[in-house]
Amino acid sequence: MYRRIALFFTLVFGIFQITFAQQTEAYTNDLVEYQKALSLYNNNQYLAAQSLFRSIKKDAETDALKSDCDYYIANCAVRLNQQNADKLVEGFVENYPTSTKRNTAFLDVADYYFVNGKYAYAKKWYDKVDENSLARSERDKFSFNNGYVAFTTGDYKTAKTYLSRLETSQKYGSQAKYYMGFMAYQDDDYNQANEYFDQVSDQEKYKEKLSYYQADLNFKLGKFEEAIKLAKERLPDSDPNEVSELNKIIGESYFNLEQYAEAIPHLKEFKGRRGKWNNTDYYQLGYAHYKQGNYEEAISEFNKIVDGNNGVAQNAYYHLGESYVHLDKKQEALNAFRNASQMDFDLKIQEDAWLNYAKISYEIGNPYQSVPQVLTSYLEKYPDTAYKEEIETLLIDSYITSKNYKEALSLLEGKRSFENKVAYQKVAFYRGLELYNEGNYQEAKNLFEKSIKEPRDDMYTARATFWKAETEYNLTNYEDALIGFKQFKQQASSTDTPEYTNIDYNLAYTYFKQKNYAQSGEHFEAFISHVKEDDIRLNDAYLRLGDAHFVSTEYTEAIQAYDQAVRLNIVDTDYAFFQKTLSQGYAGNTNQKISGLESFIERFPKSTLRDDAMYELGNSYVKKGESEKAIKMYDRLNSEYRMSVLTPKAQLRQGLIYYNARDNERALSKFKTVATNYPGTPEANQAVATARLIYIDLGRVNDYASWVKTLDYVDVTDADLDNTTFESAEKKYIENKTDDAIRQFNGYLNEFPRGIHALQAHFYLAQLYFKKDLKSNAAPHYKAVIDATQNEFTEEALSRLSQIYLENKNWNEAIPILKRLEVEASFPQNVIFAQSNLMKANYQLEKYDQAISYAEKVLSNGSIDNKIKSDAHVIMARSFIKQGNEERAKMAYTEVEKTATGETAAEALYYNAYFKHQSGNYEASNTTVQQLAKDFSGYKYYSAKGLIIMAKNYYALEDAFQATYILESVIENFPDFDDVVEEAQTELNTIKSEQAKTNASVQSED
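Reading the sequence shown from the start, the letters are residues -21 to -1, 1 to 985 in mature numbering (1 follows the signal peptide of the UniProt record, and there is no 0).
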């Protein structure tokens, strides 16, 4: 039994020995491998170490060994920047919550990221560390690292919490104070910053950096001398970027000490931040130059201040204005003072800027608003200003000098002081003249009457009286016109009004219109007697004097007057020659008349009176008994002037010559030709009547009846009723009973639509409707006249119908009518009317070649007035602009400037500025825009467009302030003109995008 037990223990113990020996061997082997892995980790061989730790963990028998392996596997993953590193660390913490390496794992990972500058990652892990579990020796490092991480990420509050713990730390104290000082510096707590920096200023590693900050701190604390001293000491050892900043500190310090000469070189050395200056930088250098009297240099800096809207900008714009004034650049000063006056950061500067803006506006004009508006606004804003009396005086005068009479009138309405009434009389007069020149006679008349009702200045009372009379004349109120001209002659003298020179001319014309030819002639002679030089008006006076004598059958006197016009040979020489020849005939000198007419036909081959001369010559040959010559002359007229109203008359005359010579067949042939080719005309009716007599004489009444049935305008049975009805209506027309005449003419046409007198009825009806301003009613009757064969009413009907179409802007309908008028008119003024309106209509239809062609036709006529001449040049200029032919447009606008008034003159002046800009003549272009603003401010569209040209000029002259300010003002002040605002905005965006490249204060519009 004992032996069995002994044997059992022997067996058991043997087995235990074998098992224990195996375990010890395995454990020892794991420790060796673990130490080997740890050695690889410490030698930064993280990948190999990680692999070995994983192998050890797989065979590890104890939790402690597995825990350690997991710790180092995760740690290696962090250092190897493996994607699952964070999860491995978190897995370690989760799997071994009681591990002593838990806190160490967080701290170790955080420290690793910190050392490698990955502060955001470091912060994540520092936040997980249990600070209370750290040893005292580890806490300072933990606080510094945490504070520095917060500092680098901009979390100054957290940074201060941690770093403030270390101020007494032997190891970290200096670094902590440096960063605490820097944070105070960044928070503008300059005293605190200075205190910290002073504590570490003796340490070499901070000395270099602190010299800059201390210089800047002293500057910001207002210790400018100390700032200059420290910054200058640092300059030689600084890098280029720091040199720029130090120069800025030195320059601004001198600036604040008002030592501007010393400030300038240092301010100029500043390179900006990120290569850009801001508005304050430009202001300081500009102001330093301004204080030194260097106005050009001051302007060069001030005008780079774009988009400024603070006290610095207001100050800069004010001094920019003063700099411009010193250099006598008043347009530029105007914009600068205006900008400063619109800011209220400094009320004293605002008021001074307002005053300067108002005064300069008066001197040179204002493109944004009328000068009276500017001055009135100043007085309203500063009613107690010491300059009140001076500005009020300027205000009164500005109503006249601004030439913005329309706006001035609205400003003056209701102002009752004597000075305002004086101004009102003048402004009402000048506004009346503007409206008169625009053809708005009724409104012009009203304003002349208002001027007369404020008789403060005798000269303007007289002038307003004259122009009211002139307006009455144009409104065909001849009796009122005559009274006005007589009143003017009593009021005025030859020395005080420009109108007095021509008063007899005006009186003469008014009497002429009233058919008082005796009085008319007397006044024409009075006018002629004191004219000192030959001109168009003198030429015209001789023509009308001749007409007055001619109508009065005073042919000898008429011949003398016409002969004077022929000798002057200025305009309408053909008319004078023709009338002189007729007068010789009426005076009984038939041979002189015949030779004169023969001479006229050869001398004036392009005269519109040439067909009249042929007709008269034919008649003279008949009177002299030279029938064959008469027949040939009538044939020549028929051949060369088929469309003349005299052609049917000439053919009728030929028929009568044959009839009187008892050559009935040839006479009958002529009469039939007239009746067929010119139906409804008086000549046709006379031809039918005379043919009737011939048929009766020949005993061929049936032939007559058959023939006359082919003429649908002849109704033999109703002839008496036709004549009676027409004559009754015509009587009302002659008696000027308009409504009765309209009713009876309409009745006639309803009863006899193709009656004997249908043509005349249509024409008289059209004239009556036109007179009553019922032009849509008049149009079809004028059309009936022009659709008929050429007749004595055709020319007038063409003229009136074209006027109706033109007024309604029916360009396509107007053009064929005007073309007929151009060809068929006998009166030169109708030819000019047709050509001038053909050029306008073609321009409106964008047919620019035709518009130019007709404009050239108009200009080839030497007798046109300035208004028509100006219109022709304008149409040419606009057409060339539309075609892109700017060189010819430039020439045309140059001609426009010579004669144009009102809006047309403003347009021409705008293009003058435009072409100067295009040629690079920027300053001259600006001068022209200033003239446009001063003389034509009432025409806002061209004022606004001129301002855009001015802005482009200034930008080309490197004055960004003027350019941007003007463009912004255009956008703000001219919202009614979409195309102008759009152009201004586009230009402004371009400029700001360019300026934003060098000026940090400018926001790019892109």
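Virtual Cβ for every residue (Gly too), placed ideally from N, Cα, C. Keep in mind it's a predicted model, so treat the numbers as computed, not measured.
Less than 7 Å separates the beta-carbon of F445 from that of E478.
If you compare the alpha carbons of K103, A337, D119, S562 with that of T364, the shortest gap goes to A337. For Q909, the closest alpha carbon among the candidates I928, F894, G287 is that of I928. Short of 6 Å from the beta carbon of F32, and not among the five residues preceding or following it, lie these beta carbons of its own chain, in chain order: A16, C48, Y51, I52.
Using a Cβ distance threshold of 7 Å, A834 and A851 count as a contacting pair. At a cut-off of 4 residues, the continuous stretches assigned as alpha helix (DSSP H) that sit fully inside the stretch 703 to 786 are 717 to 730, 737 to 750, 754 to 766, 773 to 786. Between the stretch 320 to 331 and the stretch 883 to 896, the count of Cβ pairs shorter than 8 Å is below three; the stretches do not touch. Three or more beta-carbon pairs separated by less than 8 Å link the stretch 814 to 829 to the stretch 850 to 868, which places the two stretches in contact. Secondary structure of R679 (DSSP, three-state): coil. Bridge pairing for R252: K255 [DSSP]. Exposed is the label assigned to T965, since fewer than 16 other Cβ atoms lie within 10 Å of its Cβ.
Three or more beta-carbon pairs drawn from the stretch 594 to 609 and the stretch 566 to 573 are found closer than 8 Å, and the two stretches are therefore classed as touching. Your pair L388 and V401 does not check out as a contact, with CB atoms roughly 14 Å apart and the cut at 8 Å.
Nearest C-alpha to T907 among F894, K327, K919: F894.
Residues E241, A242 of the same chain have their beta carbon placed closer than 6 Å to that of Y233, with the five preceding and five following residues left out of the count.
Each of E786, T773, I783 was checked against the Cα of V802, and the nearest Cα belongs to T773. Shown here, N978 sits in a strand according to DSSP, grouped into three states. Judged by their CB atoms, S122 and R144 are nearer to each other than the 7 Å cut-off. Annotated three-state conformation of P351 is helix, per DSSP. Annotated three-state conformation of P477 is coil, per DSSP.
Of S849, L824, N845, E775, the smallest CA-CA separation from A813 is found for E775. For P219, the enclosing alpha helix (DSSP H) starts and ends at 219 to 235.
In the displayed model, K432 falls within coil according to three-state DSSP, outside both helix and strand. If you look at E607, you'll find it in the alpha helix (DSSP H) that goes 606 to 619. When the alpha-carbon of A423 is set against those of D436, F408, D437, K432, the nearest one is in F408. A distance below 7 Å separates the beta carbons of L373 and L354. In the structure shown, E937 adopts coil according to DSSP, grouped into three states. In this chain, the alpha helix (DSSP H) harbouring V653 covers 643 to 656. Pairing F940 with E947, the inter-Cα distance amounts to about 11 Å. Your pair H502 and D483 checks out as a contact, with CB atoms roughly 5 Å apart and the cut at 8 Å.
With fewer than 16 neighbouring CB atoms inside 10 Å of its own CB, Q808 falls in the exposed class.
Unbroken alpha helix (DSSP H) runs of no fewer than 4 residues, entirely contained in the stretch 529 to 605, are found at 534 to 547, 552 to 565, 569 to 582, 589 to 603, following chain order.
Uninterrupted alpha helix (DSSP H) stretches at least 4 residues long and entirely within the stretch 813 to 860 occur at 827 to 838, given in chain order. With fewer than 16 neighbouring CB atoms inside 10 Å of its own CB, S578 falls in the exposed class. One alpha carbon belongs to N840, the other to I794, and they sit about 20 Å apart. A residue is called buried when at least 16 other Cβ atoms come within 10 angstroms of its Cβ; I580 meets this threshold and is buried.
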